[in-house]
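Heads up, this note's numbering is the position in the sequence shown plus 200, with the first residue counted as 1.
Data first, discussion second: the structure below is written as structure tokens.
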Amino acid sequence: MSWRDRVFCEDALEGLARIPDGEIDLLIADPPYGLGKDYGNDSDKLDNDAYLAWTEQWIDAALPKLKPNGSLYIFLTWRYSPEIFVMLKRRMTMLNEIVWDRRVPSMGGSTRKYSSVHDTIGFFARAKDYYFDLDAIRIPYDAQTKKARSRSIFVGAKWLEMGYNPKDVWSVSRLHREHKERADHPTQKPLEIVERMIKASCPAGGVVLDPFMGSGTTAVAARRCGRQFVGFELNPAYCALIEQRVADLDPISTQTSDEQVTG
Ligand SMILES: C[S@@+](CC[C@H](N)C(=O)[O-])C[C@H]1O[C@@H](n2cnc3c(N)ncnc32)[C@H](O)[C@@H]1O
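Put into structure tokens, the structure is as follows:
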């Protein structure tokens, strides 16, 4: 049976061997952040050195799976992004540090330092000719901006119709308990973010690899965007959740959402 369009309920470090080298268009990695979260296993309970050693291990197992024009997005926090970005910069070209502003409301938070309200996303490519479809992720100008540019010199201006290039600060609400997209996973990422990555960085019909599937956001997003997926997840309860989320996608919902990431 093919490894495509499957999520294997196993350790990514072992499972990656199932995938031949050079077959993956896009790698989206959302590993445990090293902050002690409970994923029903000990995967987020490593000390600093062990966490960084494990990170280097999975990076070295996953990167050879990428095609020569493939790329990688990695979700992190400020806690370990400096060390992990250095690791990746030794192996790839860094294109962006994207700040995901989780739109956390101003209540409480840290009292002896600033409250952290963003995740850090690294965007890396294997080579200069990496795949990137800017037109697929342009953000339409709002009616007010278009109106302000209604003078004759702007009429028919292509850029005005096509929308603008997203910036490197993405302002998207985290998934609240009441959010309709929310599944039973503590660090589920919004489809809006993952779909932008896929539309920009994986050609139609291509394959997205996610070594740490969690609730299966990457699998759902890939299917909705008409791409293939493959991934791994340690926790059997999350594996069942992924299967359910993918099965719940009917042909209508496999069209991409028209929601836009701001930024
Ligand atoms: C940050 S969460 C991923 C969340 C996911 N992006 C989503 O939107 O639901 C990380 C996941 O990796 C899983 N995990 C940790 N170590 C793993 C390993 N070695 N192999 C496979 N999965 C692992 C955890 O059980 C957890 O569900």
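Beta carbons are placed, not taken as given, at the ideal position from N, Cα and C, and that holds for glycine.
If you're wondering where the values come from, they're calculated on a predicted model, not measured in any experiment.
Across the set K389, R424 and M413, the C-alpha of R424 shows the shortest separation from the C-alpha of G405. In terms of Cβ geometry, V430 and V407 form a close pair [threshold 8 angstroms]. The C-beta distance from L263 to R218 rounds to 16 angstroms, too long to fall under 8 angstroms, and the pair is not in contact. With a cutoff of 7 angstroms, P436 does not count as near ligand 1, since its C-beta is closer than that to no heavy atom of the ligand. Not a single heavy atom of ligand 1 lies less than 7 angstroms from the C-beta of A357.
The straight-line gap separating the alpha-carbon atoms of L409 and S306 is approximately 35 angstroms. For D260, there is no enclosing beta strand (DSSP E); the enclosing alpha helix (DSSP H) has its first and last residue at N248 to A262. By the C-beta density criterion, A250 is exposed, having fewer than 16 other C-beta atoms within 10 angstroms.
Placement of the Cβ of Y239 at a distance of less than 7 angstroms from at least one heavy atom of ligand 1 is found. K245 and Y239 have their C-alpha atoms some 10 angstroms from each other.
Residue range L266 to L276 is occupied by the beta strand (DSSP E) that includes P268. Taking one beta carbon from each stretch, the segment 381-401 and the segment 216-232 have 3 or more pairs nearer than 8 angstroms; the two touch. Taking C-beta atoms under 8 angstroms as the contact rule, S371 and R303 qualify, at a distance of about 6 angstroms. Contact between the segment 334-348 and the segment 263-275 is not established, with fewer than three Cβ pairs separated by less than 8 angstroms. Taking 8 angstroms as the upper bound for CB-CB distance, N248 and D329 are not in contact here, some 37 angstroms apart. In the DSSP assignment, I219 forms no beta bridge with any residue. The shortest CA-to-CA distance from W258 to any of P232, K267 and G236 is the one to P232. Distance from the CA atom of F332 to the CA atom of G426, rounded to whole angstroms, is 16 angstroms. Our two residues, V286 and L360, have alpha carbons roughly 38 angstroms apart in a direct line. For E381, there is no enclosing alpha helix (DSSP H), as DSSP gives it neither H nor E. Counting only residues of its own chain and dropping the five nearest sequence neighbours on each side, L441 has a CB closer than 8 angstroms to the CB of A383, D384, H385, S415 and G416.
Using a Cβ distance threshold of 8 angstroms, Y280 and G234 count as a contacting pair. According to the DSSP secondary-structure assignment, A229 is paired through a beta bridge with I274.
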